[in-house]
Structure formats: structure tokens, C-alpha cells
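Worksheet: the structure to be examined is printed underneath.
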Amino acid sequence: MKKNKFSLSIFLLTMIFFYLPLVFLIVSSFNQGRSQVWTGFSTIWYQELFYNSTRLWQAFRYSIIIAISSAFLSTSIGTLGAIAIHWYNFKHKKYLQIISYLPLVLPDIIMGVSLLILFTSTKFSLGLTTIFLAHTTFNIPFVLLIILSRLHEFDYSIVEASYDLGADEFQTLKKVIIPSLMPGIISGFLMAVTLSLDDFVITFFVSGPGSSTLPIHIYSMIKFGVGPVINALSVILIAGTVALAVSTKKIQKYMIN
Amino acid sequence: MKKIMALLVMVLILASCGKNRGESLYLFNWSDYLPEEILKDFEAETGIKVIADYYSSNEEMYAKIKAGSSGYDIVFPSTDFAEIMMKQEMLEKIDLSKVPNIKYLDERIASKIDFDLKHEYVIPYSVGATGIAVNTKFVKDYPHDFSIFDRSDIKGRMTLLYDMREVFTSALVHNGFAPNSTNENDLIIARDTIINWKSNILKFDAESFGRGFANEEYWVVHGYYENIVSQIEDDMYEHLDFFIPEVGGTMYIDSMVIMKGSKNMESAHTFLNYIHRPDVYVKIIDYLEVPSINKEAELIREVEPVYTIEDLERTVLLKDLGNTIDLHNKYWNEALTR
Chain Z
1 MKKNKFSLSI
11 FLLTMIFFYL
21 PLVFLIVSSF
31 NQGRSQVWTG
41 FSTIWYQELF
51 YNSTRLWQAF
61 RYSIIIAISS
71 AFLSTSIGTL
81 GAIAIHWYNF
91 KHKKYLQIIS
101 YLPLVLPDII
111 MGVSLLILFT
121 STKFSLGLTT
131 IFLAHTTFNI
141 PFVLLIILSR
151 LHEFDYSIVE
161 ASYDLGADEF
171 QTLKKVIIPS
181 LMPGIISGFL
191 MAVTLSLDDF
201 VITFFVSGPG
211 SSTLPIHIYS
221 MIKFGVGPVI
231 NALSVILIAG
241 TVALAVSTKK
251 IQKYMIN
Chain A
258 MKKIMALLVM
268 VLILASCGKN
278 RGESLYLFNW
288 SDYLPEEILK
298 DFEAETGIKV
308 IADYYSSNEE
318 MYAKIKAGSS
328 GYDIVFPSTD
338 FAEIMMKQEM
348 LEKIDLSKVP
358 NIKYLDERIA
368 SKIDFDLKHE
378 YVIPYSVGAT
388 GIAVNTKFVK
398 DYPHDFSIFD
408 RSDIKGRMTL
418 LYDMREVFTS
428 ALVHNGFAPN
438 STNENDLIIA
448 RDTIINWKSN
458 ILKFDAESFG
468 RGFANEEYWV
478 VHGYYENIVS
488 QIEDDMYEHL
498 DFFIPEVGGT
508 MYIDSMVIMK
518 GSKNMESAHT
528 FLNYIHRPDV
538 YVKIIDYLEV
548 PSINKEAELI
558 REVEPVYTIE
568 DLERTVLLKD
578 LGNTIDLHNK
588 YWNEALTR
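Residue numbers (the numbering used here), protein chains in the order written: chain Z, 1 to 257; chain A, 258 to 595.
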């Protein structure tokens with residue numbers, strides 16, 4: 001009984017630690033004044049956000065476009081790559097696997113600088129396209145890892161069953177392997193979206209004229225203090241994330257059936 | 258299905274990249290520095306599409322451009338960085354015949370850009386001073402210069418900028434030395450002055466002094482006016498005294514330059530000229546609440562700044578120090594670690 005209480009209090013403390021800042025953020029987004037001092041309830045920052053922040057929304061739109069598109073591509077490549085690594089045997093497979101994980105542990109800043117050097121030396125003009133390529137690149141290892149761990153629990157007999165019933169390789173992939181990997185693919189995709197939305201360091205290096213994503217834009221506002229409008233935007237993002245997290249379970253169920 | 262979607266999204270992205278075919282202009286500017294309205298008016302009037310990105314420090318901008326982020330036409334560096342960029346031949350020469358409006362420049366201040374007196378590379382955008390803000394609710398009877406930081410009775414309620422150039426130059430000038438002095442003796446005295454100030458301040462702060470001042474946590478802050486007014490509530494103005502130190506003040510000029518390799522030279526010149534049209538420029542100074550470097554605009558402004566262009570004449574413009582900077586850095590670091 002005593003032990004239970006202890007673990008419960010640790011759990012509660014952790015939750016408070018996680019969510020207290022968010023509570024403060026939400027509260028201060030409804031503050032009338034600009035500073036942290038509470039001066040009264042108001043929704044003016046939300047009005048400001050929706051009617052008067054075109055630049056912010058532009059950056060937000062770029063972030064979303066990049067996140068979703070790069071997540072699509074990296075999930076596709078990552079899934080196929082994971083299947084290949086798991087089932088096929090080829091020379092130096094082990095080394096290939098290690099190399100594919102390397103970007104996971106590599107500091108972002110090295111990744112950013114190296115991509116920048118690559119792009120500038122090949123005269124690739126920096127912009128949304130280069131951000132898209134960079135995000136796809138750093139997302140692939142994450143997707144790969146998630147799908148591979150899913151594959152380790154995979155029951156190989158259903159693949160054999162599918163061959164026995166006359167399916168060719170492609171049909172097996174399409175009708176058997178991909179559907180049963182779907183939960184992994186979805187979580188890989190969501191992971192990729194999150195990482196891409198988050199990324200500042202790599203994006204900072206590879207972004208060019210007219211392609212500021214949300215993190216880059218917010219960072220550029222530091223000089224005059226990150227304003228309450230950002231608080232309002234964050235609250236909307238939190239609401240969106242919560243909605244997404246809640247609905248993910250349903251999507252997964254739907255996709256499997 | 259998924260791959261088709263991915264392909265579709267990719268195509269969309271590529272399509273959106275190549276859209277800006279007509280005349281366009283790429284700006285790289287400080288955030289919140291140019292009223293959105295001006296860009297919209299400019300686009301409507303000239304048909305030139307403006308694409309703007311923003312930065313929060315000169316260093317960030319310089320790193321970005323040096324690293325190969327070419328493609329910007331006009332950048333807004335402070336003059337010390339403009340000088341470095343000019344020396345490194347990163348700037349395009351401005352055809353002044355296409356910018357007739359520079360005749361409105363107030364040469365009392367514009368001539369402080371002594372490395373480009375003709376404005377062939379660097380055209381001033383805005384001027385301002387670093388000052389000291391005092392909360393008069395808590396602090397009374399104080400000197401109007403840096404000796405306010407000698408007061409130990411308000412210890413722990415003051416901040417100085419976390420900026421070597423600002424503080425070290427102020428300390429030198431405060432003691433009556435040249436701002437770019439290399440004299441060992443001067444530097445030691447400046448260092449000791451800073452050590453003395455350091456014992457009375459809470460910290461060196463270049464990011465959150467405005468917020469701290471608004472919370473009444475800090476009573477005396479060294480910093481920029483616009484950072485402070487962007488944080489305080491309306492009822493605090495009556496307790497705010499912002500002054501330029503009588504001796505030892507520093508000022509800045511943020512400028513507009515055309516980047517080497519700009520593909521929109523015509524549009525860039527049009528833009529430079531547009532900004533200094535008095536009826537346009539007045540919107541900038543009314544927005545930033547800074548003194549006007551454009552003489553015509555000064556006459557028609559509606560918002561009066563807290564300090565005037567005359568106040569700026571006695572301040573020092575921070576300039577590129579070249580190799581002297583290492584020397585200053587050395588003594589600054591000594592002051593920080595003692």
C-alpha cells in the first residue's frame with residue numbers, strides 16, 4: 001500500500017512538471033496585458049492572431065506543408081527500406097543498417113552544416129525545396145527504426161501463407177505486409193510530422209529567401225520579446241495536438257479494419 | 258495511394274516555389290522593424306512583389322548570408338556590420354541617381370557613417386540610441402549618466418546590456434577616453450569601472466530587460482527604448498524615465514544595403530527611394546518612435562520620440578573595431594570573470 005502511494009506521488013509530480021508550464025501558457029494567452037502580470041481576461045491576442053498576423057500564418061503554412069509532405073516521403077522510403085533490411089540478405093547488411101541509424105545520433109548542427117555545404121556547392125538554391133529534402137532525410141532513420149521494431153514482432157507465417165495461396169511478391173507486400181504494418185507506419189508518420197514541425201537547427205541552415213518556417217519565424221521575433229500572439233498560437237497548436245492524439249487510436253483501428 | 262499523395266504534395270511544393278515570376282524583391286530585415294502596411298502600399302504602387310524574411314541579431318543575419326544564403330536583395334545591417342560587409346565586398350554599389358530621396362537625409366547624423374560618406378553602399382534606415390530607463394516610482398534623484406550604476410543602495414535592481422561593444426564603449430567614454438582606444442591604461446580603467454558597476458547590478462541582460470522592467474523586478478535598465486515600451490502596460494509610462502547618458506552614450510544606425518549578386522537591382526533601387534519618401538518614412542518613425550533621419554519626415558510626424566536627433570549628436574556610433582576588438586574583448590572578459 002505504501003509503495004503504491006509513493007509511485008502515485010511520483011507520477012503526479014511528473015505530470016505537474018509536464019503540464020504546469022502549459023497551464024501557465026494557456027492562462028497567459030487570455031491575459032489582457034503584454035507582460036506576465038495578470039490584468040484581466042481578454043481574447044484580444046486571439047483576434048490579433050486571426051486578423052492581424054499574416055506573416056505568422058504564412059510561416060505556419062510553410063511548416064505544415066513541409067511537415068506533411070516530408071513525412072509522406074520519408075515514411076514511404078522508410079517503410080520500404082525497413083522491409084528490405086529485415087527480409088533480404090545481402091552483403092554488408094549489418095554495416096548498411098548501422099549507417100542508416102547514424103543520423104539518429106548525429107548532432108543536428110552537423111547535419112545542418114553538411115546539408116548546407118552540399119546544397120551550396122551543387123548550386124541548389126535554398127528555399128522550401130531544400131527544407132523539404134533536409135526534413136525527409138533526417139526523418140527516414142526514425143521511421144526506419146519504428147517500422148523495424150514492428151517487423152521484429154511480425155509473424156512470418158502469414159507471408160508464407162500468402163505465397164501458398166498464390167500471391168506474388170508485390171501482392172503480398174500490398175495486401176499482407178503493409179496492412180499489418182499499418183500501426184507502425186502511422187506512428188512513424190506522426191513522429192516524422194512532429195519532428196519536422198519542431199526542427200529549428202537544420203531548417204535554419206537550409207532555409208533560403210522567403211521560406212521561413214514557424215520555428216524560424218518565432219526565433220526572429222526574439223529581439224522584441226516573443227509576444228502574447230505566440231501564446232495564443234501555441235494554445236491552438238496544443239488543442240490540435242490533443243485532438244490528433246485522441247483521434248490516432250481511432251484512425252489506427254479504422255486503418256486496420 | 259500514399260505514394261501518389263506524396264508525389265502530389267511534392268509537385269505542389271515545387272509549383273509554389275516557381276510562382277514568383279514577375280518583378281520581385283527579397284528583403285532580409287529585423288523582425289517588427291518595418292510596418293506591414295508600407296510593404297503592402299509598396300506592392301500596390303509599384304507592382305513589385307516583396308518577399309521578406311526576418312532575423313533577430315546582426316550575427317544571425319551575417320552568419321546566414323556568409324554561409325551562402327544568397328538571394329536576398331536588400332538587408333538591414335547595423336552600421337558596424339555594414340562596414341564589415343562593405344570591406345568584404347559583399348555589397349553592390351548603389352546608383353544614387355535612382356535614389357533622389359536621399360537628399361532628405363539629416364547629415365548631422367548620417368555623416369557619422371564615415372566609411373561611406375556619400376552613401377554609395379550604405380543608406381541609413383533608422384537611428385536610435387542605447388539609453389537608461391529608470392522606474393521613478395522606486396528610484397529618485399539620480400544622475401543622468403552611467404554613474405547611476407555606482408549606486409549601491411539600489412543594488413540588485415539594475416541591469417546592463419550583455420553586450421561587449423555597448424558596455425565597454427560606454428565605460429571608455431564615461432571615463433573620457435576615445436571609444437576605440439587601444440591605450441592599456443584606458444582599458445584598465447574602463448575594466449575597473451565595469452567591475453564596479455557589476456558589483457551593483459543584478460546581471461548583464463540583453464534579452465529580457467524589457468520584461469523585467471515591466472514586472473518592476475528591475476528598476477534601472479540599460480537598453481533600447483523600443484524593447485522596453487513593447488513590454489510595459491499603459492499605466493507605467495508615468496513612472497518611466499528614459500534618458501540618453503550625458504556622457505558615455507552609444508547610438509546605432511541601422512542601414513539598408515544591396516547585396517552583391519542581387520537579381521532585382523531595379524526593384525531594390527525603387528524600394529530604397531520609396532522608403533525615404535517623406536510621407537512613407539514618417540510611418541516608420543511614428544511606428545518605431547525613434548528620431549527621424551529624414552528631415553522632411555521629421556516635420557510631419559505625429560508621434561514624438563522620447564529623445565531627439567540633437568541628443569544623438571553627443572553619442573558614439575558603434576563601428577567596426579577591426580583588430581582592436583580582440584583587445585577590448587580581453588579586458589571585457591577580465592571584467593566579467595573578476
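All C-beta atoms, glycine included, are put in the ideal place defined by N, C-alpha and C. Predicted model, so just to flag it, every value in this text is computed and none were measured.
To the nearest angstrom, how far is the alpha carbon of residue 464(A) from that of residue 227(Z)?
Rounded to the nearest angstrom, the gap between the Cα atoms of residue 464(A) and residue 227(Z) is 13 Å.
Residue 522(A) lies in the alpha helix (DSSP H); which residues open and close that run?
Here the alpha helix (DSSP H) through residue 522(A) covers 522-532.
Taking the CB atoms as reference points, tell me whether residue 466(A) and residue 477(A) lie closer together than 7 Å.
No. Outside cutoff.
Three or more C-beta pairs below 8 Å linking the segment 519-537 of chain A and the segment 551-561 of chain A
Three or more beta-carbon pairs separated by less than 8 Å link the segment 519-537 of chain A to the segment 551-561 of chain A, which places the two stretches in contact.
Taking C-beta pairs closer than 9 Å, name the residues in chain A that residue 86(Z) reaches, listed in chain order.
Residues of chain A passing the Cβ test: none, with the nearest at roughly 19 Å.
Strictly under 7 Å for the Cβ-Cβ distance: is residue 197(Z) near chain A by that measure?
Interface residue (Cβ-Cβ distance to chain A less than 7 Å): residue 197(Z) is not classified as such.
Residues from the segment 551-567 of chain A in contact with chain Z, defined by Cβ distance under 9 Å:
Of all residues in the segment 551-567 of chain A, none has a Cβ within less than 9 Å of some Cβ in chain Z.
Using only the alpha-carbon positions, how far apart do residue 488(A) and residue 193(Z) sit?
Just so you know, the alpha carbons of residue 488(A) and residue 193(Z) end up roughly 34 Å apart.
Could one say the Cβ of residue 208(Z) lies closer than 7 Å to chain A's Cβ atoms, at least one of them?
Yes, contact with chain A.
Can you check which of these residues, 505(A), 293(A), 506(A), 475(A), is closest to residue 497(A) by C-alpha distance?
Between residue 497(A) and the set 505(A), 293(A), 506(A), 475(A), the nearest pair of CA atoms involves 475(A).
State yes or no: is the beta carbon of residue 310(A) nearer than 7 Å to at least one beta carbon in chain Z?
So yes, residue 310(A) belongs to the interface.
Do residue 386(A) and residue 541(A) have their C-beta atoms closer together than 7 Å?
The criterion of a C-beta distance shorter than 7 Å is not satisfied by residue 386(A) and residue 541(A).
Kindly indicate which three-state DSSP category residue 493(A) falls into: helix, strand or coil?
Three-state result, residue 493(A): helix.
Output, in chain order, the set of chain A residues within a Cβ distance shorter than 9 Å of residue 217(Z).
Per Cβ cutoff of 9 Å: 288, 310, 311.
Residue 574(A) to residue 593(A), Cα distance in whole Å?
Taking C-alpha positions only, residue 574(A) is separated from residue 593(A) by approximately 24 Å.
Helix or strand or just coil, what does DSSP make of residue 41(Z)?
Here residue 41(Z) carries a strand assignment [DSSP, helix/strand/coil].
Helix, strand or coil for residue 287(A), going by three-state DSSP, please let me know.
Residue 287(A): strand per DSSP, three-state reduction.
For residue 387(A), three-class secondary structure by DSSP:
Assigned with DSSP and collapsed to three states, residue 387(A) falls in strand.
Alpha helix (DSSP H) segment containing residue 352(A), residue limits:
Segment: none, residue 352(A) is in no alpha helix (DSSP H) and carries neither H nor E.
Could you check what DSSP says for residue 184(Z) in three-state terms: helix, strand or coil?
The three-state secondary structure of residue 184(Z), taken from DSSP, is helix.
Would you say residue 276(A) reaches chain Z, if we count a Cβ-Cβ gap shorter than 7 Å as a contact?
Unreliable placement is indicated for residue 276(A), whose pLDDT of 45 sits below 50; no coordinate value is reported for it.
Check the DSSP bridge columns for residue 512(A) and list the partner residues they point to.
Paired residues: 381(A).
For residue 204(Z), which residues in the same chain have their Cβ closer than 7 Å to its Cβ, ignoring the five residues on either side in sequence?
Only 112, 216 meet the Cβ criterion.
Can you name the start and end residues of the alpha helix (DSSP H) that residue 129(Z) belongs to?
First-last of the alpha helix (DSSP H) with residue 129(Z): 128-152.
Strictly by DSSP, which residues pair up with residue 415(A)?
Under DSSP, residue 415(A) takes part in a beta bridge, and its partners are 477(A).
Helix or strand or just coil, what does DSSP make of residue 310(A)?
The answer is strand: DSSP assigns residue 310(A) an E or B state.
With 7 Å as the threshold, decide whether the Cβ of residue 25(Z) is near any Cβ in chain A.
By this cut-off, residue 25(Z) is not an interface position.
Separation of residue 492(A) from residue 340(A), as counted between CA atoms
Their backbone Cα atoms lie some 41 Å apart in a straight line.
Check residue 115(Z) in the structure and name its three-state DSSP category.
The answer is helix: DSSP assigns residue 115(Z) an H, G or I state.
Residue 158(Z) burial status per 10 Å Cβ neighbour count (16 or more: buried):
Its Cβ having fewer than 16 others within 10 Å, residue 158(Z) is exposed.
Given that a residue counts as buried once 16 or more other Cβ atoms are within 10 Å of its Cβ, and exposed if not, what is residue 377(A)?
Here residue 377(A) is exposed: its Cβ has fewer than 16 other Cβ atoms, across all protein chains shown, within 10 Å.
If you follow the alpha helix (DSSP H) that residue 443(A) is part of, which residue opens it and which one closes it?
In the DSSP assignment, residue 443(A) falls within the alpha helix (DSSP H) that extends over 441-457.
Exposure of residue 306(A), with buried meaning 16 or more beta-carbon neighbours within 10 Å:
Classification for residue 306(A): buried.
Taking only beta-carbon positions, decide if residue 272(A) is within less than 7 Å of chain Z.
Below a pLDDT of 50, predicted positions are generally treated as unreliable, and residue 272(A), at 47, falls in that range; no measurement from the model is reported.
Hey, quick one: how far does the alpha helix (DSSP H) through residue 168(Z) stretch, first residue to last?
Careful: residue 168(Z) lies outside any alpha helix (DSSP H) and carries neither H nor E.
Measure the alpha-carbon distance for residue 82(Z) versus residue 147(Z) and round it to whole angstroms.
In this structure, the alpha-carbon of residue 82(Z) lies about 6 Å from that of residue 147(Z).
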